[in-house]
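Asks:
In our numbering, the protein residues as written are 259 to 485.
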């Protein structure tokens with residue numbers, strides 16, 4: 259049995275999905291204003307002073323902290339046609355080639371699971387991505403203003419509340435529930451989910467330095483393969 263791992267931004271998609279998502283969710287002018295007001299963060303990231311994780315969390319706090327989780331997930335679902343319009347036909351053809359052979363196919367991305375998962379479900383592939391944290395309380399402030407994080411390990415709490423008909427408000431706080439799925443974390447997340455020794459051939463597709471560790475896992479690595 260074989261397995262194939264695909265990066266998303268720049269590999270399967272044309273351009274960066276995060277800025278497209280922010281423009282979709284908050285409006286283009288709000289995006290421009292936010293990037294301008296956080297220009298110093300982007301500058302520090304570009305020269306290597308702060309990490310990719312810290313830069314992304316700063317932007318997500320600015321744009322989405324305090325948004326109700328269900329409202330955010332609704333936006334993510336409505337973003338699907340925009341994501342589909344970004345897909346590279348050559349990349350999707352390769353993805354479908356793997357599926358036709360019976361290979362396991364996995365999207366591995368530093369972008370957010372919340373808006374990538376609907377696309378992965380439509381494509382019939384698995385998803386490994388960064389997940390956003392939520393807090394319980396009012397407008398993301400949490401109980402008594404302190405906030406109570408509900409991370410990936412506590413996702414079953416949300417599911418349980420839904421099954422039991424219990425209503426409670428959860429809000430984004432702009433932080434991550436999982437480590438940022440970038441660089442070494444891609445390889446870590448892959449190996450945590452899959453026993454790679456069970457696969458005869460491992461394919462990986464990427465386009466940036468954030469994919470290097472994932473590409474290193476592969477028996478067949480492809481860098482900037484799709485136009």
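Even glycine gets a Cβ: it sits at the ideal position worked out from N, Cα and C. Note that the structure is predicted; figures quoted are calculated from it, not measured.
I believe residue 447 touches residue 439 by the beta-carbon criterion, under 8 Å. Please report the beta-carbon distance rounded to the nearest angstrom.
Replies: Residue 447 to residue 439, Cβ: 6 Å. Contact.
Asks: Under the three-state reduction of DSSP, which class applies to residue 334: helix, strand or coil?
Replies: Helix at residue 334.
Asks: Take the Cβ of residue 335 as the centre, count every other Cβ of all protein chains shown within 10 Å, and call the residue buried at 16 or more, exposed below.
Replies: Per the 10 Å Cβ criterion, exposed.
Asks: Does the Cβ of residue 394 have 16 or more other Cβ atoms within 10 Å, making it buried, or fewer, making it exposed?
Replies: By the 10 Å Cβ count, residue 394 comes out buried.
Asks: Compare the beta carbon distance of residue 265 and residue 275 with 8 Å and say whether it is the shorter of the two.
Replies: It is not a contact, given that the beta carbons lie outside the stated cut-off.
Asks: Less than 8 Å between C-beta atoms, sequence neighbours within five positions excluded: which residues of the same chain meet that for residue 474?
Replies: If we look at residue 474 and ignore the five residues flanking it on each side, its Cβ neighbours are 445.
Asks: In terms of alpha-carbon separation, which member of 390, 373, 468 lies closest to residue 269?
Replies: Answer by Cα proximity: 468.
Asks: Sort 373, 327, 356, 329 by Cα distance to residue 342 and report the nearest one.
Replies: For residue 342, the nearest C-alpha among the options comes from 373.
Asks: To the nearest whole angstrom, what separates the beta carbons of residue 277 and residue 289, a pair I think is in contact under 8 Å?
Replies: That belief holds up - the Cβ atoms of residue 277 and residue 289 are roughly 7 Å apart, short of 8 Å.
Asks: Rounded C-beta distance between residue 364 and residue 261? I'm assuming under 8 Å.
Replies: Residue 364 to residue 261, Cβ: 7 Å. Contact.
Asks: Which whole-angstrom value is the C-beta distance of residue 337 and residue 284, which I expect to be below 8 Å?
Replies: About 12 Å separates the two Cβ atoms, so there is no contact after all.
Asks: Using a threshold of 8 Å, state whether the C-beta atoms of residue 391 and residue 433 are closer than that.
Replies: Yes. Within cutoff.
Asks: Which term fits residue 487, buried or exposed, when burial requires 16 or more other beta carbons within 10 angstroms of its beta carbon?
Replies: No answer is possible for residue 487: it lies beyond the span of the chain, which begins at 259 and ends at 485.
Asks: Nearest CA to the CA of residue 319: which residue from 464, 332, 292?
Replies: Considering only alpha carbons, the answer is 292.
Asks: Straight-line CA distance for residue 477 to residue 442?
Replies: Roughly 18 Å separates the two Cα atoms.
Asks: Confirm, please, whether the CB-CB distance from residue 484 to residue 357 is below 8 Å.
Replies: Cβ atoms of residue 357 and residue 484: not closer than 8 Å.
Asks: Shorter than 7 Å, the distance from the beta carbon of residue 469 to the closest heavy atom of the ligand GTP, or not?
Replies: Ligands displayed in this structure: none; no statement on the ligand GTP is therefore possible.
Asks: Please list, in chain order, all residues of the same chain as residue 333 whose beta carbon is under 6 Å from its beta carbon, the five residues on each side excluded.
Replies: Answer for residue 333: 283, listed in chain order.
Asks: To which residues does DSSP link residue 388 through a beta bridge?
Replies: Residue 388 is bridged to 370.
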